[in-house]
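Add 2 to the 1-based position in the sequence shown for the working numbering, that's all there is to it.
Below is one structure, written out as structure tokens, with a few remarks after it.
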Amino acid sequence: MTRTGAVPRLMAHSPEPVAAINPADAAGLTDGGLARVASAWGSAVLRLRHDPAVARGAVFVPMHWTDRFAPAARINAAVNPAVDPHSGQPELKHTPVRVEPVGMAWHGFALARRPLGTALANWTALLPAADGVWRHELGGLEAPAEAFARLRVLLEEPDAAWVVLEDPAAGLHRAALLRDGRLLACLFLDPAPALPARDWLVGLFADARIGSDARRALLAGAPADGPAPSPTICVCHGIAAAGICRAIAAGADTLALVGEATRAGTGCGSCKPEIAALLVAQRIPEPA
Numbered sequence: 003m004t005r006t007g008a009v010p011r012l013m014a015h016s017p018e019p020v021a022a023i024n025p026a027d028a029a030g031l032t033d034g035g036l037a038r039v040a041s042a043w044g045s046a047v048l049r050l051r052h053d054p055a056v057a058r059g060a061v062f063v064p065m066h067w068t069d070r071f072a073p074a075a076r077i078n079a080a081v082n083p084a085v086d087p088h089s090g091q092p093e094l095k096h097t098p099v100r101v102e103p104v105g106m107a108w109h110g111f112a113l114a115r116r117p118l119g120t121a122l123a124n125w126t127a128l129l130p131a132a133d134g135v136w137r138h139e140l141g142g143l144e145a146p147a148e149a150f151a152r153l154r155v156l157l158e159e160p161d162a163a164w165v166v167l168e169d170p171a172a173g174l175h176r177a178a179l180l181r182d183g184r185l186l187a188c189l190f191l192d193p194a195p196a197l198p199a200r201d202w203l204v205g206l207f208a209d210a211r212i213g214s215d216a217r218r219a220l221l222a223g224a225p226a227d228g229p230a231p232s233p234t235i236c237v238c239h240g241i242a243a244a245g246i247c248r249a250i251a252a253g254a255d256t257l258a259l260v261g262e263a264t265r266a267g268t269g270c271g272s273c274k275p276e277i278a279a280l281l282v283a284q285r286i287p288e289p290a
């Protein structure tokens with residue numbers, strides 16, 4: 003899709019700057035937390051993902067994140083600067099690194115109808131989520147309540163009103179900004195990195211008016227009835243994790259069979275490691 007995909011669809015393959023590491027190498031590194039990947043030449047802070055498909059002793063990091071979208075996550079700053087004498091390509095695959103956790107007081111995200119830049123928090127990643135909707139992934143060191151108040155001011159729009167849910171004792175802060183029933187922005191902060199899936203919330207921005215049921219469920223980050231939102235795994239064909247898991251449960255126990263049942267993994271193929279991880283996680287033990 004590097005020649006045929008639009009930017010939002012391309013960036014949805016990796017909606018945050020991530021560092022994937024084999025779980026056996028991840029002692030002390032929380033899945034979903036932030037981690038610093040550092041070399042002798044530089045470092046980057048990325049969202050950590052435990053991925054059994056990554057070889058032991060290796061770390062995989064997408065290299066396309068730049069100052070414009072994620073200034074703290076530029077892995078190219080840490081890459082061995084040795085280059086091929088003919089092509090000029092850097093030594094991307096031979097850069098010794100150490101990986102260490104980065105503590106944050108809160109993790110969060112903001113969805114808005116305009117980009118708010120990359121200076122919103124100590125760690126920010128910005129990307130287009132859909133037509134006219136921008137996704138900001140965040141992590142900060144200030145107190146969650148202070149960050150929540152500051153970010154709400156940045157998101158405010160004329161003649162709009164906030165719907166707010168706060169539990170200061172738990173550090174949970176959520177808000178949605180609406181005008182005439184139309185969703186303009188939403189903001190979710192939590193001490194832990196486990197936050198609601200973004201896809202369902204992004205979909206609400208397309209509605210001319212948020213219905214009463216969706217409005218009640220908005221700050222929960224999930225519809226009031228039906229299954230919780232499931233993250234999209236195969237961006238090429240729009241296949242969510244839940245659909246892949248259903249296919250696995252029905253007997254699709256290989257990548258090829260999952261592809262036949264759902265088409266997931268049959269496009270560019272970049273989602274195959276995630277499908278493989280679901281196959282491992284969903285594998286049903288054979289009867290004794």
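All C-beta atoms, glycine included, are put in the ideal place defined by N, C-alpha and C.
Since the model is a prediction, treat every value here as computed from it, not as a measurement.
Rounded separation between Leu140 and Pro19 - CA only: 11 angstroms
Among all the DSSP beta bridges, which residues are the ones paired with Arg49? Val20, Leu36
Residues in its own chain within less than 8 angstroms of Ala57 by CB, not counting five upstream and five downstream? Asn24
What ranges does the alpha helix (DSSP H) occupy inside the region 169 to 251, keeping only unbroken runs of at least 4 residues that lie completely in it? 201 to 206, 214 to 220, 243 to 251
Between the region 174 to 193 and the region 104 to 121, do at least 3 Cβ pairs fall closer than 8 angstroms? yes
Using 10 angstroms around the beta-carbon of Leu186, count the other beta-carbons present and answer buried if the total reaches 16, otherwise exposed. buried
Just to confirm before moving on: does the CB-CB distance between Asp27 and Ala279 stay below 8 angstroms? no
According to DSSP, what are the bridge partners of Phe111? Glu139, Phe190
If we count the other Cβ atoms within 10 Å of its Cβ and call it buried at 16 or more, is Trp136 buried or exposed? buried
Assuming the contact rule is C-beta atoms closer than 8 angstroms, Leu143 and Ala107 should be a hit. Round their C-beta distance to whole Å, please. 5 angstroms
Quick one: Cα of Ala75 to Cα of Ile241, how far? 27 angstroms
Give the secondary structure of Phe150 by DSSP, where H, G and I count as helix, E and B as strand, and everything else as coil. helix
Relative to the C-alpha of Gly173, which candidate in Ala149, Ala210, Ile250 has its C-alpha closest? Ala149
Per-residue burial, Ala151 [other beta carbons within 10 Å of its own, 16 or more giving buried]: exposed
Indicate the three-state DSSP secondary structure (helix, strand or coil) for Asn82 in the structure shown. strand
Once the 5 residues before and after Arg69 are set aside, which same chain residues still bring their CB inside 7 angstroms of it? According to the sequence as given, residue 69 is Asp; it is not Arg. If we look at Asp69 and ignore the five residues flanking it on each side, its Cβ neighbours are Arg76.
Are the beta-carbon atoms belonging to Ala22 and Phe71 less than 8 angstroms from one another? no
Measuring CB to CB, does Val85 end up less than 8 angstroms from Trp43? no
Quick one: is Leu167 buried, meaning 16 or more other Cβ sit within 10 Å of its Cβ, or exposed? exposed
Terminal residues of the continuous beta strand (DSSP E) containing Leu129? 125 to 132
Looking at the unbroken beta strand (DSSP E) that takes in Pro103, where does it start and where does it end? 100 to 104
My output table needs one value for Val56: the three-state DSSP class, helix, strand or coil. coil
I need the straight-line Cα distance from Asp215 to His239, nearest angstrom please. 29 angstroms
Buried or exposed: Pro17, going by 16 or more other Cβ atoms within 10 Å of its Cβ? buried
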